[in-house]
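Residue numbers (our numbering), protein chains in the order written: chain A, 807 to 1208; chain B, 386 to 1005. What follows is one structure encoded as structure tokens, with my remarks underneath.
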Amino acid sequence: MTLTRRTMMAAATALALVPAAAMAQETIKIGEINHYKRMAAFAEPYKKGIELALKEINADGGVLGKPMEFIFRDDQGDPAEAVKIAEELMTRDGAVMLTGSILSNVGLALSSFAAEKGYLYLAAEPLADSLVWQSGNPNTFRLRASTWIQAAMLAEEAAKTDAVKYATIAPNYAYGQDAVAAFKANLTRLKPDVEFVAEQWPALFKIDAGAEVQAIERAKPDAIFNVTFGTDLAKFVREGGDRGLFDGREVYGLLTGEPEYLEPLGDEAPEGWYVTGYPWYAFEDGTPEKAFVDAYTAETGETPKIGSLVGYLAAVSIAAAIDKAGSTDTPALIAAFEDLEIPDTPIGPLSYRSIDNQSTMGAYVGTLALEDGKGVMVDWSYKGPDGYMPSDDDIKAMRPAE
Amino acid sequence: MAFLFAQFLTGLANASSLFLVASGLSLIFGVTRIVNFAHGSFYMLGAFVGVTLMEILPGAVGFWGAILLTGLIVGLFGAIVEMVVLRPIYRAPELFQLVATFGVILVIQDLALMIWGAEDRMGPRAPGLRGVWRIFDEPVPKYDIVIIAITPFILFALWYLITRTRVGILVRAATQDREMVGALGVNQAWLFTGVFALGSALAGWGGALQLPKGGADLLMDFNIIGSVFVVVVIGGMGSLPGAFIAAVLISVLNVLGVTYLPQSTLVLMFVVMAVVLIIRPYGLLGREEVAGEHGQVGAPEAPIRPYGPVGRSLVAALLLVLAVVPFFADRFLMTLLIDMIVFALFAASLHFILGTGGLVSFGHAAFFGGGAYAAALLVFHTGTPMELAFLFAPLAAGLLALGIGWFCIRLTGVYFAMLTLAFSQLVWSLAFQWRSVTRGDDGLVNIWPAPWLNGPVPYYYFTLILGVGGILFLRHVIHSPFGYALRAGRDSPRQAEAMGIDVKRVQYVAFALAGVMAGLAGGIFVFSKGSVFPTELEIGASFDALIVVFLGGVKTLAGGVVGAGFMTVVEDWLTRLEYWRLLLGLVIIAVVIIAPEGIVGSLQTLWRRIRNTGDEEIAR
Chain A
807 MTLTRRTMMA AATALALVPA AAMAQETIKI GEINHYKRMA AFAEPYKKGI ELALKEINAD
867 GGVLGKPMEF IFRDDQGDPA EAVKIAEELM TRDGAVMLTG SILSNVGLAL SSFAAEKGYL
927 YLAAEPLADS LVWQSGNPNT FRLRASTWIQ AAMLAEEAAK TDAVKYATIA PNYAYGQDAV
987 AAFKANLTRL KPDVEFVAEQ WPALFKIDAG AEVQAIERAK PDAIFNVTFG TDLAKFVREG
1047 GDRGLFDGRE VYGLLTGEPE YLEPLGDEAP EGWYVTGYPW YAFEDGTPEK AFVDAYTAET
1107 GETPKIGSLV GYLAAVSIAA AIDKAGSTDT PALIAAFEDL EIPDTPIGPL SYRSIDNQST
1167 MGAYVGTLAL EDGKGVMVDW SYKGPDGYMP SDDDIKAMRP AE
Chain B
386 MAFLFAQFLT GLANASSLFL VASGLSLIFG VTRIVNFAHG SFYMLGAFVG VTLMEILPGA
446 VGFWGAILLT GLIVGLFGAI VEMVVLRPIY RAPELFQLVA TFGVILVIQD LALMIWGAED
506 RMGPRAPGLR GVWRIFDEPV PKYDIVIIAI TPFILFALWY LITRTRVGIL VRAATQDREM
566 VGALGVNQAW LFTGVFALGS ALAGWGGALQ LPKGGADLLM DFNIIGSVFV VVVIGGMGSL
626 PGAFIAAVLI SVLNVLGVTY LPQSTLVLMF VVMAVVLIIR PYGLLGREEV AGEHGQVGAP
686 EAPIRPYGPV GRSLVAALLL VLAVVPFFAD RFLMTLLIDM IVFALFAASL HFILGTGGLV
746 SFGHAAFFGG GAYAAALLVF HTGTPMELAF LFAPLAAGLL ALGIGWFCIR LTGVYFAMLT
806 LAFSQLVWSL AFQWRSVTRG DDGLVNIWPA PWLNGPVPYY YFTLILGVGG ILFLRHVIHS
866 PFGYALRAGR DSPRQAEAMG IDVKRVQYVA FALAGVMAGL AGGIFVFSKG SVFPTELEIG
926 ASFDALIVVF LGGVKTLAGG VVGAGFMTVV EDWLTRLEYW RLLLGLVIIA VVIIAPEGIV
986 GSLQTLWRRI RNTGDEEIAR
């Protein structure tokens, strides 16, 4: 038995080594897995952001003297399919690391897979807190500001008003539930006398907006916390506006100001909501933010979405990490990602914390207004995650022993 | 009281679109017996076409004119789909057409993405109908009132068409006995095309009419199809008044659910459907399916026999190749083969009840995902050793099948299918919503095999032995007396009963066995992927298995396995391409048209023709 097992292990090792030989080739390949069809509205700008970054990086001489290349693969939004493709990318296509996914569940599957097989995974878009906290592992890094951070920013603003009674509405799945929990925790900490009078949980993309609006109205809240997005948001805004739900009430909208969700609303964008988003139209000339917007618009002929920025930053982060590591083997790359610092990105300096592998990308917050029949964020500011994170001790307690 | 009334109005307004789409589906099913999964796609097309037309045509006349035109355009499109895709395969085994409609879904999805782009479209407002009227001081959107007023006219028009016109008489006659209608000289082909066009047009109108309350997006096809099926089944398939009552019932209950039980939004309608079906097995106004209708279209089936020497040596050769794969293949090929074997076992377990038992389950993923979850939960929460947790997967899935089967087995045909669907949705929502245990959408992660199995080669052999073992065991059961009893119950329940076979009990046991095998597949699956998410329990997962069984060939023993292998390879290839959904859809449609008996079935027919053996010899 021992002998057989040993033989098999030897065979397995030999097989595992085969692709290593194939890696000595022209380009440095990054495996990128996403839901290009199922979430086309989000994935397309994200991909264009990556392509813009790649063009700039390779025009600058690439990484380690070689051009960098992304292999884009569609996983149909299925975690199991994503894991299969990840295996192929790493063992057959010669990718040096993995990135991708918009959906948190696919991100979590890839993260678990990367930890088990000893690969590196950069989760660019997924928002789930557990990706770097409860289910965090040394092999997974995350770029975007998480649900917790963005909800905490809104809660901070909400705590400044005299609103006491709050209603929440969030899609009925992990993201919505985490967002409501984070908003509640932060708001209660800042303002212990708040009360949550209604919690609405429409099924994702199947909202019965009229009924939800009636139910919230019935609870007579002073303010509302909204997590719905996409078509749910459009229907909620329309019914709520028609029925006067938002009159005289503060509304806090998570992600509502992101172009992906704001632009389809057109002239029905809800004025006065305090939201997180991406005010690409309001950047001043001469800022790195504006430079990115101009470059993106010139390259694609489209205005950027937040996904464009995230895709761009993901590619830039990877290039920086490879340069810092000086090689493409995984342990060196992981070491490079920890405390990686990139001084000049469109959002200023960006670094990856070694405590939880989360980047320091923050979020734009501001108030929605209508300009020229379009929703825009005004009085906006960019906030880094510092001050919105749980304490280091809390994070260490949440992260499984490394 | 005023609040309740306002809620009721909201429910009625929601019901109108739902009723339109559902009545179309019900009509199509009633006459053509096609379970049209693509119906949601016609609804989506209606929304997109409507938006486009409304942008072109101005004013109130333009708005309502656009809605009217939308229905006509979508109806025309439906007619084309029916003539090109469905007409060639009416003589295929029952429910085979649903595979074709699945191909249509994929094609329409990519076409819509190409034509209208990825971004969501807000629906235009109905001119002059923005804002609210106050009824008992409660705000009610004006457009809601208008569509509440319109719906009865549509219902009346449909009712008039069906009960008072010659076309209606033909439609009703065809619903009751389409062979007889054909025998009386009615051109069935055009009747079917006409009904399909009308049904599609209704879906298109539903999509256009909801625009001022929502919009058009690329996910709306799948998002509505579940509730449409629920409505049609609760109302009774083929019944228009039933569809109306059910649409109102579901919509109003939903509104109340949102207010008084906000967490219920995921499952409420499936609970209602399950309750209705358990009390009234044919829906509120449906009628019992005519005995003998089931599985009896087309030529009588040849008796199933074990493979001869040639077949056996072929299978043995294939197994030998699989056994030596690790000596020359790379890691990814083994991963792909593991996926393929897992899917083949899952499909074979469905094929066992579907092909051999004649029980069409729309919810088989409940057992696959259920097994995966059972093992994963043990590992995740109690740190149970992998070997033990793995054994728990088929066990738990079997128990689940015993539980669900107890309710479902008493139904037949489409109603059985829909009740299994309802239960699988309940299991899904449990995994999705019970976050303290299942972690909901975040899934269970880090579920890896024991160290001695944790490598591509050992796990490959583990999968090969258990997966192929499971498939061979199922084949063995089919050839055993139990399998004969099961087939007797499928082909002629009455004669089987008369011979002393307790048909329902045999089916119940078969259902549980299929559950065990699906759970086994789920167990292998979860340890190969290292994680499990509610996606494995989704309706889509059940349909994946259903489609490969039909594609492979329901009436052949190897159908499930071959279909699964075919699909895994084709998907793995096509998803590398930009427009893979379009291509996959076209491949499915092509296979369906070229091989209406499924891949294996058609190959067998071809083989017989090449060997030049007449039917007489086959029946020997």
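Note that CB positions come from ideal geometry on N, CA and C, so glycine has one too.
At 8 angstroms on the CB atoms, spell out the chain A contacts of B/Thr644, in chain order.
Ala1017, Gln1020, Ala1021, Arg1024
Roughly how many whole angstroms lie between the Cα atoms of B/Val633 and A/Tyr1087?
45 angstroms
Identify which residue in B/Ala881, B/Pro626, B/Ala897 has its Cα closest to the Cα of B/Leu669.
B/Pro626
Short of 8 angstroms Cβ to Cβ, which residues in the region 1070-1089 of chain A face chain B?
Pro1070, Leu1071, Gly1072, Glu1074
I need the boundaries of the alpha helix (DSSP H) containing A/Ala1040, first residue and last residue.
1036-1048
Just the C-alpha distance for B/Ser916 and B/Leu730, rounded to the nearest angstrom, thanks.
19 angstroms
Counting only Cβ pairs nearer than 7 angstroms, list the residues of chain C close to A/Gly1036.
Of the protein chains in this structure, namely A and B, none is chain C.
Determine, for A/Phe919, whether the minimum Cβ-Cβ distance to residues of chain B falls below 8 angstroms.
yes
Beta-carbon gap between B/Val436 and B/Ala708 smaller than 8 angstroms
no
Cβ of A/Trp954 less than 8 angstroms from any chain B Cβ?
no
Would A/Val1057 pass as a contact of A/Met1183 if the rule is Cβ separation under 8 angstroms?
no
By alpha-carbon positions, which one of A/Thr1103, A/Val1122, A/Gly1072 ends up nearest to A/Ser1157?
A/Val1122
Less than 8 angstroms between the CB atoms is what I'm expecting for A/Ala973 and A/Ile1013, so what's the real figure, rounded?
Not confirmed; about 15 angstroms, so no contact.
Output yes if chain B places a C-beta closer than 8 angstroms to the C-beta of A/Ser907; else output no.
no
In chain A, what lies closer than 7 angstroms to B/Leu603 by C-beta?
Ala846
So what does DSSP say about B/Arg690, is it helix, strand or coil?
coil
Cα-Cα, which of B/Phe433, B/Gly592, B/Arg549, B/Met499 is closest to B/Leu405?
B/Gly592
B/Asp724 - containing alpha helix (DSSP H), residue span:
716-736
By Cβ distance, which residues of its chain are closer than 6 angstroms to B/Phe487, with the 5 residues on each side in sequence left out?
Phe422, Ile932
Ordered list of beta strand (DSSP E) runs contained in the region 953-1028 of chain A, each at least 3 residues
971-975, 1001-1006
B/Glu882: first and last residue of the uninterrupted alpha helix (DSSP H) it sits in
878-883
Could you check if A/Ala1203 is buried or exposed, using at least 16 other CB atoms within 10 Å of its CB as the buried criterion?
exposed
Have a look at the DSSP bridge pairing and note the partners of A/Ile1030.
A/Ala973, A/Val1057
Identify each residue in the region 858-887 of chain A for which the Cβ-Cβ distance to at least one residue of chain B is less than 9 angstroms, and report them in chain order.
Arg879, Asp880, Asp881, Gln882, Gly883, Asp884, Pro885, Ala886, Glu887
Flag B/Trp965 as yes if its beta-carbon sits less than 8 angstroms from any beta-carbon of chain A, otherwise no.
yes
Enumerate, from N- to C-terminal direction, the unbroken beta strand (DSSP E) stretches of 3 or more residues contained entirely within the region 827-878 of chain A.
834-840
Does the beta-carbon of B/Val660 have 16 or more other beta-carbons within 10 angstroms, so that it is buried, or is it exposed?
exposed
What alpha helix (DSSP H) runs, 4 residues minimum, are completely inside the region 1118-1181 of chain A?
1136-1143
DSSP state of A/Pro1191, grouped into three classes?
coil
Considering only residues of the region 928-957 of chain A, which uninterrupted beta strand (DSSP E) runs meet the minimum length of 3 residues and lie entirely inside it, listed in chain order?
946-948
Taking the beta strand (DSSP E) that A/Gly1083 falls in, what are its first and last residues?
1080-1083
Provide the residue(s) that pair with B/Arg519 in DSSP beta bridges, ordered along the chain.
B/Pro524
Mind reading off the beta-carbon distance from A/Ala901 to A/Gly913? Whole number of angstroms is fine, and I expect it under 8 angstroms.
No, A/Ala901 and A/Gly913 are not in contact; Cβ-Cβ is about 17 angstroms, not under 8 angstroms.
Please list the residues of the region 1035-1063 of chain A that have a C-beta atom closer than 8 angstroms to any C-beta atom in chain B, keeping them in chain order.
Gly1036, Thr1037, Ala1040, Lys1041, Arg1044, Glu1045, Asp1048, Arg1049, Gly1050
Work out the CA separation of A/Phe848 and B/Leu587 for me, nearest whole Å.
31 angstroms
Within 8 angstroms, do at least three Cβ pairs link the region 466-476 of chain B to the region 576-583 of chain B?
yes
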